[in-house]
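Each remark here refers to the structure printed beneath this line.
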Amino acid sequence: MPELPEVETTRRGIEPHIVNQTVVDIVVRQRQLRWPIPRALQALKGAVVKAVQRRGKYLLLRSDTGTAILHLGMSGSLRIATAGDELRKHDHVDFLLGSGVILRFHDPRRFGAVLWTTRDPHRHKLLASLGPEPLCDHFDGGHLFAQSRHRTLAVKNFIMDGKVVVGVGNIYASEALYLAAIRPTASSCKISRARYNTLANTIRGVLGDAIEAGGTTLRDFVNPQGNPGYFLQSLYVYGRTGEPCRRCETPIKHSVIGQRGSFFCPRCQSARY
DNA sequence: CCGGACTCCTGGGTGC
DNA sequence: TGCACCCAGGAGTCCG
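The opening residue of the first sequence carries number 2 in the working numbering; numbering runs sequentially from there.
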């Protein structure tokens, strides 16, 4: 579910409730997520959360004693709850705050993660080799061009590689390629610098617009206050198999690239180079 | 090093 | 209504 816009929407939703709050207790009901939740996470108890940051799709709860690293996987979510709220199935972790608010981690598929580090989180194994943030940094077409010269994989898989650029998941990869008029199966090393400039712009544009819309709600994504995102109605190709292209009315095609569903307009996305 | 397959897990949708 | 089956937004790991 959560790609970068949904994670950023989550970050913005929890930040005002979390920052400068003392973590008074941490309740772990299900330790077996993607990796077991480390016992050392309890070191956050008694500490004040100084900042809620995002790196790619990872959320960082920073404190003086260390940093909790959270990942929502495919089905994870964070909710702002209070003690009276009924516990749902798959509510795996509660962070109880001094204000009485509870930050509640929910994840049916358990592909998510809750980790802990006392070191610089950006040097953590999972974060150390991540590529640039698409919405800032030095992310541009030149970067994509340079990174792709010796890569033969499909451009869709290339832009979904977190070492190339973070945060581009299956939905927004299809959308950005549509807006850049590039066929998703095109070999990444054969695409021109000019077209990568366009692609970098459409990646930034689609992610930025999705954040402004509060993310995409396909099935069950809700922000920490329980509200859905409104970007679904803005999608051009994702999930629109057989429906008319919004530009040329050609039916949208579906295919599987790298084990993941991909969507494109066979007419608008004819560029392979 | 690279690319592709596989894997973790549960739930929703579909078709019989 | 029940049930078997298929599919899913991520991404680390393994193998060739």
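From the three backbone atoms N, C-alpha and C, an ideal C-beta is built for every residue, glycine too. Values in this document were obtained by computation on a predicted structure and should not be read as measured data.
{"Item": "Contact check, G163 vs G262, beta carbons under 8 Å", "Value": "no"}
{"Item": "Whole runs of the alpha helix (DSSP H) within the region 97-121, excluding any shorter than 4 residues", "Value": "none"}
{"Item": "Which listed residue (G143, A177, T242 and R248) has its alpha carbon closest to that of S256", "Value": "T242"}
{"Item": "Beta-carbon spacing of R35, G113 below 8 Å", "Value": "yes"}
{"Item": "Alpha-carbon spacing of A1 relative to D121, whole angstroms", "Value": "As shown, the chain starts at 2 and ends at 274. That puts residue 1 outside it, with no answer to give."}
{"Item": "Presumed contact (8 Å Cβ cut-off) between D26 and A48, rounded CB distance", "Value": "Between A48 and D26 the Cβ distance is about 12 Å, and since that is not below 8 Å, they are no contact."}
{"Item": "Reference T203, options G215, T217, V169 and R12, closest by Cα", "Value": "V169"}
{"Item": "Reduced DSSP secondary structure (H/G/I, E/B, other) of L62", "Value": "strand"}
{"Item": "Q43 - containing alpha helix (DSSP H), residue span", "Value": "Here Q43 belongs to no alpha helix (DSSP H), and DSSP marks it neither H nor E."}
{"Item": "Residues that DSSP places opposite P252 in a beta bridge", "Value": "P245"}
{"Item": "H144 in three-state terms, based on DSSP", "Value": "helix"}
{"Item": "For I212, three-class secondary structure by DSSP", "Value": "helix"}
{"Item": "Close-in-space but distant-in-sequence residues of the same chain around S78 (CB under 6 Å, 5 per side omitted)", "Value": "H107"}
{"Item": "Endpoints, alpha helix (DSSP H) assigned at S175", "Value": "N171 to L180"}
{"Item": "For L131, three-class secondary structure by DSSP", "Value": "coil"}
{"Item": "Residues that DSSP places opposite I258 in a beta bridge", "Value": "R261"}
{"Item": "K51: first and last residue of the uninterrupted beta strand (DSSP E) it sits in", "Value": "V50 to R56"}
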